[in-house]
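In what follows, a structure is listed as structure tokens, so that the remarks can point back to it.
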Amino acid sequence: MKVVVNARNGAHDFECGPGEKILHAGLRSGVELPYECATGTCGTCKARLVSGRAESEWPDAPGRRYFKSEADVLLCQSVARDDCAVEVGVALKPRQPTVTAPRALGGVVRARRRLTHDVMAVDVDLDGPLDFEAGQFALVTVPGIAGARAYSMVNFERRAERLSFVVKKKPGGAVSDWLFGQGVDGTLVGLVAPLGHATFHPDARKHVLCVAGGSGIAGMMSILSLACHAAHFAAWQGHVFFGIRTARDAFFLDELEAFRARYPAQLAVTVALSDEDVAPSLAAGYPALTFARGLVHAVAGERMTGRFADVRAYVAGPPPMVDASLRWLLREARLPPADIRYDKFS
Numbered sequence: 002m003k004v005v006v007n008a009r010n011g012a013h014d015f016e017c018g019p020g021e022k023i024l025h026a027g028l029r030s031g032v033e034l035p036y037e038c039a040t041g042t043c044g045t046c047k048a049r050l051v052s053g054r055a056e057s058e059w060p061d062a063p064g065r066r067y068f069k070s071e072a073d074v075l076l077c078q079s080v081a082r083d084d085c086a087v088e089v090g091v092a093l094k095p096r097q098p099t100v101t102a103p104r105a106l107g108g109v110v111r112a113r114r115r116l117t118h119d120v121m122a123v124d125v126d127l128d129g130p131l132d133f134e135a136g137q138f139a140l141v142t143v144p145g146i147a148g149a150r151a152y153s154m155v156n157f158e159r160r161a162e163r164l165s166f167v168v169k170k171k172p173g174g175a176v177s178d179w180l181f182g183q184g185v186d187g188t189l190v191g192l193v194a195p196l197g198h199a200t201f202h203p204d205a206r207k208h209v210l211c212v213a214g215g216s217g218i219a220g221m222m223s224i225l226s227l228a229c230h231a232a233h234f235a236a237w238q239g240h241v242f243f244g245i246r247t248a249r250d251a252f253f254l255d256e257l258e259a260f261r262a263r264y265p266a267q268l269a270v271t272v273a274l275s276d277e278d279v280a281p282s283l284a285a286g287y288p289a290l291t292f293a294r295g296l297v298h299a300v301a302g303e304r305m306t307g308r309f310a311d312v313r314a315y316v317a318g319p320p321p322m323v324d325a326s327l328r329w330l331l332r333e334a335r336l337p338p339a340d341i342r343y344d345k346f347s
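Structure (structure tokens):
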């Protein structure tokens, strides 16, 4: 089916395969359609159906709360049933030639490892190599459960044959319940990747600020991996703030210490505990890390005062934490929007 997207800077068209989401088809074809979560939650990919027929595969998607017309659709949840045209209220930017277009691929769950009582590390072997940027995510679908879930890549490598994810167990979460269950290893899963705009590029030549809450640290680990590999911190500073509720919720502390050991003078890592004081034993166990009591955005705000020149910020985590961090970065730190990249895990 042919899909035409009428944007503020003109019309763009592409072919959409049977059963393929309009968003995926457009991105695959080089049309940079607007999106953030790509899972039907945020509403960023809202468009208006002008002609033809498109069917939503998730009629109750939370992003529909932003609809103003019965003709509105979410491109990430809509499948074209015949040739159609949609209208978006933004201008579409051309894709950079170095950006890898997302595609559908298969994978096999190969390794799982409990990180905390409610956080699991999951590795998926791919059916073909994949290039992606540090900070990007993949959509994952599992057998028998409707809908895709977005997980940021923890690892970073070119032509990756395995992707590593962090999954938080959520009350009533069908996919997380499945991943925490038995008989998962060896299961075939579907993926669409790579996706996401919160990417790190060493050639940006800026100091790095990472503010992450909970499982939002996943994409930051990918960023740190590339930054260390590219010797970015030999010339530029890095400031990482990792927010958790209690010491029981801590993970990746050994890995964060290892990153800091490579650039002890240039890379600082602070772990913020929101719900309890820092136990002396915790601080003593990780002497290369700094621990603080408070909400992660507040701790970051206190410790970064006056240090925002030539900084690019990366933010990921639960929506309230991301929103608070964005307000601080825009209003108090006065970073330009172009130097703030973020992911919300709704």
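Position 242, counted from 1, in the sequence shown is what the numbering used here calls 243; the numbers after and before it change by one each time, with no gaps. Just so you know, even glycine gets a beta-carbon here, dropped at the ideal spot from N, CA and C.
(1) Within this structure, are the beta carbons of Asp83 and Met154 separated by less than 8 Å?
(2) In the structure shown, what three-state DSSP assignment does Phe15 receive?
(3) Name the two residues that bound the continuous alpha helix (DSSP H) containing Val297.
(4) When the distance is taken between beta carbons, is Ala228 closer than 8 Å to Ala262?
(5) For Ala199 and Arg342, which I take to be in contact (beta-carbon distance under 8 Å), what is that distance rounded to the nearest angstrom?
(6) Look up His240 in the DSSP assignment and say whether it is helix, strand or coil.
(7) Using three-state DSSP, classify Ala325 as helix, strand or coil.
(8) I need the straight-line Cα distance from Val168 to Ala317, nearest angstrom please.
(9) Do Asp119 and Lys170 have their C-beta atoms closer together than 8 Å?
(10) When you compare only the Cα positions, how much space is there between Tyr36 and Arg294?
(11) Under a three-way DSSP split, which group does Met221 fall into?
(12) Give me the Cα-Cα distance between Glu162 and Thr101, rounded to the nearest whole angstrom.
(13) So for Tyr315, helix, strand or coil by DSSP?
(14) Pick helix, strand or coil for Val64, following the three-state DSSP scheme.
(15) Is it buried or exposed, Ala8, if we count other Cβ atoms within 10 angstroms and call 16 or more buried?
(16) Pull the bridge partners of His208 from the DSSP assignment, please.
(17) Taking 6 Å as the limit between beta carbons, can you name the residues of its chain near Gly174, skipping five residues before and five after?
(18) Mapping DSSP to helix, strand and coil, what is Ser153?
(19) On the DSSP letters alone, give me the boundaries of the beta strand (DSSP E) that Asp128 sits inside.
(20) Using DSSP with H/G/I as helix, E/B as strand and the rest coil, what is Glu37?
(21) Label Leu210 either buried or exposed according to how many other C-beta atoms from any shown protein chain fall within 10 Å of its C-beta, with 16 as the threshold for buried.
(22) Touch check for the stretch 178-186 and the stretch 88-107: three-plus C-beta pairs under 8 Å?
Checking against the coordinates, here is how it stands:
(1) no
(2) Three-state DSSP puts Phe15 in a strand.
(3) 297-304
(4) no
(5) 4 Å
(6) strand
(7) helix
(8) 14 Å
(9) yes
(10) 35 Å
(11) helix
(12) 15 Å
(13) Tyr315: strand per DSSP, three-state reduction.
(14) Reading the sequence as shown, one finds Gly at residue 64 and not Val. Of the three classes helix, strand and coil, the one that applies to Gly64 here is helix, per DSSP.
(15) buried
(16) Val312
(17) none
(18) Ser153: strand per DSSP, three-state reduction.
(19) 120-131
(20) coil
(21) buried
(22) no
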